[in-house]
Amino acid sequence: MWEEFEPLIDHRGLASGRDRFRPQSAKTLGVPSFSFAETDFKIPRHMQRAFRRLIDRGFCGYTVADDPTYLQAIVSWMKKRRNWEVQQEWIIPVYGVLRTMSMALRAFSRPGEGVIIFSPGYTAYEGLIEENGRSLVRCPLRIGLNRFLIDWDDLEKKMSVPQNTMLFLCNAHNPTMHVWPQEDLRRIAVLSQKYNVAVIVDETFADLCFPESPMTNYGAIAYGQPHCMIINALSKAFNITGLNTANAILPDEQMRRRFMEVFRAEQRGSGSIEPFAREALLSGYSDEGFAWLQRLFAYVKENFTLTEQFFAEQMPQVKIYHYDCAYLIWTDWRALGLSEAELEHFLMEEAVFCVDMGYKYGPEGQGFARIHLGTSHANVQAGLQRLEQAARRRGWISTEGARTK
Ligand SMILES: Cc1ncc(COP(=O)(O)O)c(C=O)c1O
37 MWEEFEPLID HRGLASGRDR FRPQSAKTLG VPSFSFAETD FKIPRHMQRA
87 FRRLIDRGFC GYTVADDPTY LQAIVSWMKK RRNWEVQQEW IIPVYGVLRT
137 MSMALRAFSR PGEGVIIFSP GYTAYEGLIE ENGRSLVRCP LRIGLNRFLI
187 DWDDLEKKMS VPQNTMLFLC NAHNPTMHVW PQEDLRRIAV LSQKYNVAVI
237 VDETFADLCF PESPMTNYGA IAYGQPHCMI INALSKAFNI TGLNTANAIL
287 PDEQMRRRFM EVFRAEQRGS GSIEPFAREA LLSGYSDEGF AWLQRLFAYV
337 KENFTLTEQF FAEQMPQVKI YHYDCAYLIW TDWRALGLSE AELEHFLMEE
387 AVFCVDMGYK YGPEGQGFAR IHLGTSHANV QAGLQRLEQA ARRRGWISTE
437 GARTK
């Protein structure tokens, strides 16, 4: 039934980051990790066929970045899947999301200025901001009943500081994997106009929103010309992270012109879309690509259900908040009362349940862990079993399965 997703990729001998960066305990035991944002699933078969056709033609040359077929595929996808009317001239094919955010820093801010992020936030932002000589301004999220919420007073205070000229907005938000409500986006846009803060929206996970949690849309906000740049990528949804490809969408002409100055300084002319990245986009942003994603959601949802059931029934000390998006899940371990080092030791060494530790996402991530569920049902079952055994040894689960702590 699941032959598209099983067997998983055999990562051996490919210099695969997902394999290489497994914690040592996982390598020793010969098990996969539940860390790293890249699934274990092979790319869709229709995309493999598109790559093969390209190989058969023997072409791997420069392409033009203003290819109407490529641009139209993005326009159609955004219209059909996101109800967002994008114009072809707003789109600039770029080389990866982080590299583009780095160029955005140079285009729309000056050295020493502050860049706001919501915290816990994606680990790479901190380095990117600081290595570009800007300063990181964390805006801690508030924890609501079941959701992470923006502290609007704190955000406005930080956006009103003239020194803070940029906001990195991750939608869907890594690591909590929630989508910002459209009303939040509208409020951010209002503040962005009021205080002249450029908003750089990282939509890397946009295509992974579960059907019941549709993606929201900063670019579609009817508030004058949005002072923003939106970056989309197929990398996480279709597991093509190694192609280092993305698309920047800049609805505002002035912003576009400024970004192009920095972009042109980086390379010859207006760039080239790598032929494999072009094929990947044409096959991903298609009806077949959409249908494949629906099947992926069905497959991965079982992993979410297994994990949620495990924690609800065996370890209710661990809390899971509302999420909208595959294939990562943000979990709260604070009720166990462990120090950060103790929690890490328990997960990595005792349970060999190797997750991404929450503290890597900022001080607000302490006591949390991000679990990667983009793998087989069998891997998730085996991982949860190791976790259960380790928790039993600690006395956190009684033999009857009831909580003892
Ligand atoms: C939110 C987010 N943005 C960007 C990236 C990296 O994108 P790229 O490899 O295109 O630079 C990641 C990778 O994990 C991510 O989680």
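Just so we're aligned, residue 37 is where the sequence shown starts under our numbering, counting upward by one.
Every residue gets a Cβ at the ideal spot worked out from N, C-alpha and C, and that includes glycine.
As the structure is a prediction and not an experimental result, all values here were calculated from the model.
Is there at least one non-hydrogen atom of ligand 1 closer than 7 Å to the beta-carbon of V133? Your numbering for residue 133 matches position 97 in the sequence shown. V133 Cβ: within cutoff of ligand 1.
In terms of residues, what are the limits of the alpha helix (DSSP H) holding Y113? Taking the first residue of the sequence shown as 1, we reach residue 113 at position 77. The question names Tyr, but residue 113 in the sequence shown is Trp. W113 -> alpha helix (DSSP H) spans P104 to R118.
Using the rule of at least 16 other Cβ atoms within 10 Å of the residue's Cβ for burial, across every protein chain shown, is T440 buried or exposed? Working through the sequence shown from its first residue, we reach residue 440 at position 404. Any reading at T440 must be qualified, since the residue scores a pLDDT of 41, below 50, and its modelled position is unreliable; no value is offered.
Contact set for H82: own chain, Cβ-Cβ below 6 Å, skip 5 residues either direction: Position 46 of the sequence shown, counted from the start, is the residue given in the question as residue 82. Contacts found: S319 and E324.
CB-CB under 6 Å to E386, same chain, minus the five flanking residues each way: which ones, in chain order? For the purposes of this step, residue 386 is identified with residue 350 of the sequence shown, where counting begins at 1. Counting only Cβ-Cβ distances below 6 Å, and skipping sequence neighbours, we find A426.
What do you reckon, is the C-beta of F184 under 7 Å from a heavy atom of ligand 1? If you number the sequence shown from 1, residue 184 lands on position 148. Flag unset: Cβ of F184 not near ligand 1.
Give the straight-line distance between the Cα atoms of I45 and S69, rounded to the nearest whole angstrom. As a first step, residue 45 is located in the sequence shown; it is residue number 9 there, counting from the start. As a first step, residue 69 is located in the sequence shown; it is residue number 33 there, counting from the start. A straight-line Cα-Cα distance of about 14 Å links I45 and S69.
How about R406 and G419: do their beta carbons lie closer than 8 Å? For the purposes of this step, residue 406 is taken as residue 370 along the sequence shown, with counting starting at 1. For the purposes of this step, residue 419 is taken as residue 383 along the sequence shown, with counting starting at 1. No, they are not a contact pair.
Sorted by chain position, which residues of the same chain lie with C-beta nearer than 8 Å to L90's C-beta, five sequence neighbours on each side aside? In the sequence shown, the residue the question calls residue 90 occupies position 54. Excluding residues within five positions, the ones whose Cβ falls inside 8 Å are C96, P311, F312 and E315.
Indicate, with yes or no, if ligand 1 has a heavy atom lying under 7 Å from the CB of S271. Position 235 of the sequence shown, counted from the start, is the residue given in the question as residue 271. Yes.
Whole angstroms are fine: how far does the CA of G410 sit from the CA of N210? Against the sequence shown, residue 210 aligns to sequence position 174. Against the sequence shown, residue 410 aligns to sequence position 374. Between N210 and G410, the C-alpha separation is close to 15 Å.
Out of curiosity, what's the CA-to-CA distance linking Q229 and V235? Translated into the one-based positions of the sequence shown, residue 229 becomes position 193. Translated into the one-based positions of the sequence shown, residue 235 becomes position 199. Using only the alpha carbons, I get a separation of about 10 Å.
Residues that DSSP places opposite C390 in a beta bridge: As a first step, residue 390 must be located in the sequence shown, where it is residue number 354. Answer is none; C390 lacks a bridge partner.
Could you check how far apart the C-beta atoms of D368 and F404 are, in whole angstroms? I think they sit under 8 Å. Mapped onto the sequence shown, residue 368 falls at position 332. Mapped onto the sequence shown, residue 404 falls at position 368. With a Cβ gap of about 5 Å, D368 and F404 count as contacting.
Terminal residues of the beta strand (DSSP E) in which T442 lies: What the structure shows of the chain is the stretch from 37 to 441, and residue 442 is not part of that stretch, so it cannot be assessed.
By Cβ distance, which residues of its chain are closer than 7 Å to Q421, with the 5 residues on each side in sequence left out? In the sequence shown, residue 421 corresponds to position 385, counting from 1. Result list for Q421: empty, nothing under 7 Å.
Pick helix, strand or coil for T252, following the three-state DSSP scheme. As a working mapping, residue 252 is identified with position 216 in the sequence shown. DSSP places T252 in coil when its eight states are reduced to three.
Starting from F347, trace the alpha helix (DSSP H) in both directions and tell me its first and last residue. Working through the sequence shown from its first residue, we reach residue 347 at position 311. Unbroken alpha helix (DSSP H) run through F347: D323 to E349.
CB-CB under 6 Å to P80, same chain, minus the five flanking residues each way: which ones, in chain order? Within the sequence shown, numbered from 1, the residue matching residue 80 stands at position 44. Within the same chain, P80 has close Cβ partners W328.
I need the boundaries of the beta strand (DSSP E) containing M37, first residue and last residue. Working through the sequence shown from its first residue, we reach residue 37 at position 1. Note, M37: premise wrong, no beta strand (DSSP E); not H, not E.
For the candidate residues H214, L372, D102 and F154, whose alpha-carbon lies nearest to that of E248? Counting from one through the sequence shown, the residue named residue 248 turns up at place 212. The candidate whose alpha carbon is nearest that of E248 is H214.
For ligand 1, I want to know if T411 counts as a neighbour, meaning its beta carbon is within less than 7 Å of at least one of the ligand's heavy atoms. Residue 411 sits at position 375 when you count from the first residue of the sequence shown. Not so, every heavy atom of ligand 1 lies at least 7 Å from the Cβ.
Can you grab the Cα-Cα spacing for the pair H47 / V100, in whole Å? Position 11 of the sequence shown, counting from 1, holds the residue named residue 47. Position 64 of the sequence shown, counting from 1, holds the residue named residue 100. Going from the Cα of H47 to the Cα of V100 covers about 32 Å.
When every heavy atom of ligand 1 is checked, does at least one fall within less than 7 Å of the C-beta of Y231? On the sequence shown, position 195 is the one that residue 231 refers to. Y231: no, Cβ never under 7 Å from ligand 1.
Is the beta carbon of V151 less than 8 Å from the beta carbon of R170? Walking along the sequence shown from the start, residue 151 turns up at place 115. Walking along the sequence shown from the start, residue 170 turns up at place 134. Their beta carbons are under 8 Å apart, which means V151 touches R170 by this criterion.
Alpha helix (DSSP H) segment containing I165, residue limits: Position 129 of the sequence shown, counted from the first residue, corresponds to residue 165. From DSSP, the alpha helix (DSSP H) with I165 extends over T159 to E167.
Below 6 Å CB to CB, which residues in the same chain sit around V130 once its five sequence neighbours on both sides are set aside? In the sequence shown, residue 130 corresponds to position 94, counting from 1. Closer than 6 Å at Cβ, skipping near neighbours: T136, A282 and A284.
Using a 10 Å radius around the Cβ and a threshold of 16 neighbouring Cβ atoms, would you call D55 buried or exposed? Stepping through the sequence shown from its first residue, residue 55 is reached at position 19. D55 comes out buried.
Using the rule of at least 16 other Cβ atoms within 10 Å of the residue's Cβ for burial, across every protein chain shown, is P156 buried or exposed? As a position in the sequence shown, residue 156 is number 120, starting the count at 1. Classification for P156: buried.
Measure the alpha-carbon distance for I165 versus L205 and round it to whole angstroms. Numbered from its first residue, the sequence shown carries residue 165 at position 129. Numbered from its first residue, the sequence shown carries residue 205 at position 169. Each residue's alpha carbon lies about 13 Å from the other.
Give the DSSP bridge partners of H408, in chain order. The residue you call residue 408 lines up with position 372 of the sequence shown. In DSSP, H408 forms a bridge with L364.
Range covered by the alpha helix (DSSP H) that runs through P311: To locate residue 311, count along the sequence shown from 1; it is residue 275. First-last of the alpha helix (DSSP H) with P311: P311 to G320.
Is any non-hydrogen atom of ligand 1 found closer than 7 Å to the C-beta of A405, if you look at the structure I gave you? Looking up residue 405 in the sequence shown gives position 369. A405 Cβ: outside cutoff for every heavy atom of ligand 1.
Looking at C-alpha atoms only, which residue of L317, F274 and H263 is the closest neighbour of R292? Here residue 292 is taken as the residue at index 256 of the sequence shown, counted from 1. That would be H263, whose Cα lies nearest to the Cα of R292.
Of the residues R294, Q353, L227 and V336, the one placed nearest V416, counting alpha carbons only: Numbered from its first residue, the sequence shown carries residue 416 at position 380. Checked all of R294, Q353, L227 and V336; the closest Cα to V416 is V336.
Check F87 in the structure and name its three-state DSSP category. Taking the sequence shown and counting its residues from 1, the one referred to as residue 87 is at position 51. Correct three-state label for F87: helix.
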